[in-house]
Amino acid sequence: MKNNKLTLTLSLVMLFSIKALAASESVVTAGYVHTNLEGKTLNGLNGKFGYTPDKSDLGVISSLTISGNNDNDIDRGYGSALVGVSYRVSDIVKPYVMVGVGRGAIKNDGDTDTSTGFAYGAGIQLTPISGFTVDAGYEGSKVFGSQANSVVIGAGWRF
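Numbering of the sequence shown is given in the working numbering, commencing with residue 776 and proceeding in unit increments.
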């Protein structure tokens, strides 16, 4: 009898949890990033995950970016990890702002030099049709005493 009560209680908790999650909104996007660092062009990938609770227009968003190039035996790389807030203006429009950390690396003749700095970003996610989201944004950071500027274009799913 004790096991039946426990099973019933756990089943009810799971049922209500699933219903609560179904009412919330998650967005996953992946895309292309174009970074300009010290006059050099780096290309790479970006991924974002956003979550907006039910009955709220305010949500959270996170972003991971990695880009790099190989030019004349010099490898350059840049990456960032950001987190921030989004605001659902309508079912279609959701702007966001983020802060975090950016890291640059330069490898030349086996020696690697790295620089870490404050990073920030802003952008907008558009959901023109149910379930499909387009993302466009900007990320910036100061590494190696220079400004790293990244433009991000992506697409993904809202569920």
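Just so it is clear, CB atoms sit at the ideal spot from N, CA and C, and this is done for glycine as well.
Under the three-state reduction of DSSP, residue 865 is assigned to coil, being neither helix nor strand. Take the alpha-carbon of residue 932 and the one of residue 875: they are about 24 angstroms apart. For the region 862 to 912, the full-length beta strand (DSSP E) segments reaching 3 residues or more read 868 to 883 and 886 to 904 along the chain. Under DSSP, residue 824 takes part in a beta bridge, and its partners are 803 and 837. Straight across, the Cα-Cα distance linking residue 828 with residue 863 is about 11 angstroms. The beta carbon of residue 846 sits closer than 8 angstroms to the beta carbons of 815 from its chain, once the five residues preceding and following it are set aside; these are given in chain order. As the crow flies, the alpha-carbon of residue 834 is around 26 angstroms from that of residue 819. Closest in C-alpha terms to residue 921, from the list 927, 879 and 929, comes 879.
DSSP places residue 924 inside the beta strand (DSSP E), whose first and last residues are 921 to 933.
About 7 angstroms separates the beta carbon of residue 871 from that of residue 897, a gap short enough to meet the 8 angstroms contact definition.
The closest CA to that of residue 812, considering only 799, 831, 836 and 841, is found on 841. Short of 7 angstroms from the beta carbon of residue 916, and not among the five residues preceding or following it, lie these beta carbons of its own chain, in chain order: 855, 877, 892, 893, 894 and 923.
Put simply, of 866, 884 and 837 the residue whose alpha carbon is nearest the alpha carbon of residue 851 is 884.
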